[in-house]
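Basically the numbering used here = 1-based index in the sequence shown + 92. Every residue gets a Cβ at the ideal spot worked out from N, C-alpha and C, and that includes glycine. Fair warning: this is a prediction, and the values are worked out from it, not measured in the lab.
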Amino acid sequence: MENMEKEAEQPASELETEQRHRLNVTFLRSVEGRILLVGVALALIYTFWLVIKLLLSPEQGQILIGMTATDIMFGRAAGMAFGYSLGLEHITVIPICITIETVLVLICYPLFVLSWRHLLVINWLKNIFEKIHKSAEIHKDKIQRYGIIGLFVFVWFPFWMTGPVVGCVIGFLLGLRVWLNMSVVLAGTYVAIFGWALFLHQLHERVASYSSYATMVLVGLLVIIIILGNLLHRTFHKDNNKT
């Protein structure tokens, strides 16, 4: 009886050892694993900062959380417009947007690659990664014509289907080295953020001169445009696939 228990315990311990070894190889030895750890660390630091802001200045903290959520769900244009509409200036909006976009890239890109290689599969993220992959495949041939410059410009557009996360996946599918891919995408994203900041701030000032409520209407319109753009994008490419 004791021998049977020992035999049952041995495979379990061997399985645990194998899982630990695989986890070690995935996160500590692979470039994507290290990038993911940096992204998670940056996300935790940013979240901690938001909590401190919320405790020290509840009103401003709520605005920053709202801007963060808007950026993640609807893209940088809507997030930045949200911040400007509630009185935030460049010195706050630009660093926050840079941080959010950087965190998204540092977390989503390695998770996609690790999932692609079946090293780390998260079931509830499968649908999201499939959509990102489809969007990347749609734009891959266009980007390939212009190479790195095409990828650099691609991420300027502030929508999920053309944002830095999809841009990184395109770079991966094109076989770019990890650090070259990340550098091009993040550099293009940062340049785009500064450009959109200047445009949206000027637009906010002009709209605000008519009415204080007009700025929030502008944010609502941007969100609607982004949602409709995504729906039209999906419908168009579904029809093309059928034909």
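#1: Near leucine 142, what residues of its chain come up, given a Cβ to Cβ distance below 8 Å and the 5 sequence neighbours on each side ignored?
#2: Could you name the residues of the same chain whose beta carbon sits closer than 8 Å to that of glycine 280, not counting the 5 residues immediately before and after it, in chain order?
#3: Tell me the rounded alpha-carbon separation between threonine 307 and histidine 296.
#4: Just to confirm my understanding: we take valine 132, look at its own chain, exclude 5 residues before and 5 after, and list those with CB closer than 7 Å. What are they?
#5: Roughly how many whole angstroms lie between the Cα atoms of valine 276 and histidine 225?
#6: Compute the Euclidean distance between the alpha carbons of asparagine 215 and leucine 292, then round it to the nearest angstrom.
#7: Between which two residues does the alpha helix (DSSP H) harbouring isoleucine 216 extend?
#8: With a threshold of 16 other CB atoms inside 10 Å of the CB of glycine 287, please say whether the residue is buried or exposed.
#9: Taking all protein chains shown into account, do 16 or more other C-beta atoms lie within 10 angstroms of the C-beta of aspartate 233, making it buried, or fewer, making it exposed?
#10: With a threshold of 7 Å on Cβ separation, who are the neighbours of tyrosine 282 within its own chain once the five nearest residues in sequence on each side are excluded?
#11: Measure from the alpha carbon of tyrosine 176 to the alpha carbon of each residue in Ile319, Ile262, Val299, Ile318, then state which is nearest.
#12: Considering Cα atoms alone, identify which of Gln294, Leu290, Gly239 is closest to glycine 267.
#13: To which residues of the same chain is leucine 272 closer than 7 Å at the C-beta, ignoring the five residues directly before and after it?
#14: Could you give the first and the last residue of the continuous alpha helix (DSSP H) run that contains tyrosine 302?
Looking at the coordinates:
#1: In the sequence shown, the residue the question calls residue 142 occupies position 50. Within the same chain, leucine 142 has close Cβ partners Gly153, Leu156, Ile157, Thr160.
#2: Locating residue 280 in the sequence shown gives position 188, where the first residue counts as 1. For glycine 280, where only same-chain residues beyond five positions count, the Cβ hits under 8 Å are Leu243, Phe244, Val245, Phe246, Val247, Trp248, Pro256, Gly259.
#3: Taking the sequence shown and counting its residues from 1, one reaches residue 307 at position 215. Taking the sequence shown and counting its residues from 1, one reaches residue 296 at position 204. Cα to Cα, threonine 307 sits roughly 6 Å from histidine 296.
#4: Taking the sequence shown and counting its residues from 1, one reaches residue 132 at position 40. Only Ile199 meet the Cβ criterion.
#5: If you number the sequence shown from 1, residue 276 lands on position 184. If you number the sequence shown from 1, residue 225 lands on position 133. Near 19 Å, if we compare the C-alpha coordinates of histidine 225 and valine 276.
#6: Indexing the sequence shown from 1 puts residue 215 at position 123. Indexing the sequence shown from 1 puts residue 292 at position 200. In a straight line, the C-alpha of asparagine 215 is about 38 Å away from that of leucine 292.
#7: Within the sequence shown, the letter at position 124 stands for residue 216. In the sequence under discussion, the amino acid at residue 216 is tryptophan, which differs from the isoleucine named in the question. It is not in any alpha helix (DSSP H) - tryptophan 216 carries neither H nor E in the DSSP assignment.
#8: Here residue 287 corresponds to residue number 195 of the sequence shown, with the count starting at 1. Answer is exposed; the Cβ neighbour count stays below 16.
#9: Working through the sequence shown from its first residue, we reach residue 233 at position 141. Flag for aspartate 233 reads exposed.
#10: One-based indexing of the sequence shown puts residue 282 at position 190. Closer than 7 Å at the Cβ level, and outside the excluded window around tyrosine 282, lie Ile190.
#11: Here the question's residue 176 lines up with position 84 in the sequence shown. Selected option, being the one with the closest Cα: Val299.
#12: Numbered from its first residue, the sequence shown carries residue 267 at position 175. Comparing Cα positions, the closest option is Gly239.
#13: For the purposes of this step, residue 272 is taken as residue 180 along the sequence shown, with counting starting at 1. Excluding sequence neighbours, leucine 272 sits near nothing in its chain.
#14: The count along the sequence shown starts at 1 and reaches residue 302 at position 210. Per DSSP, tyrosine 302 belongs to no alpha helix (DSSP H) and is neither H nor E.
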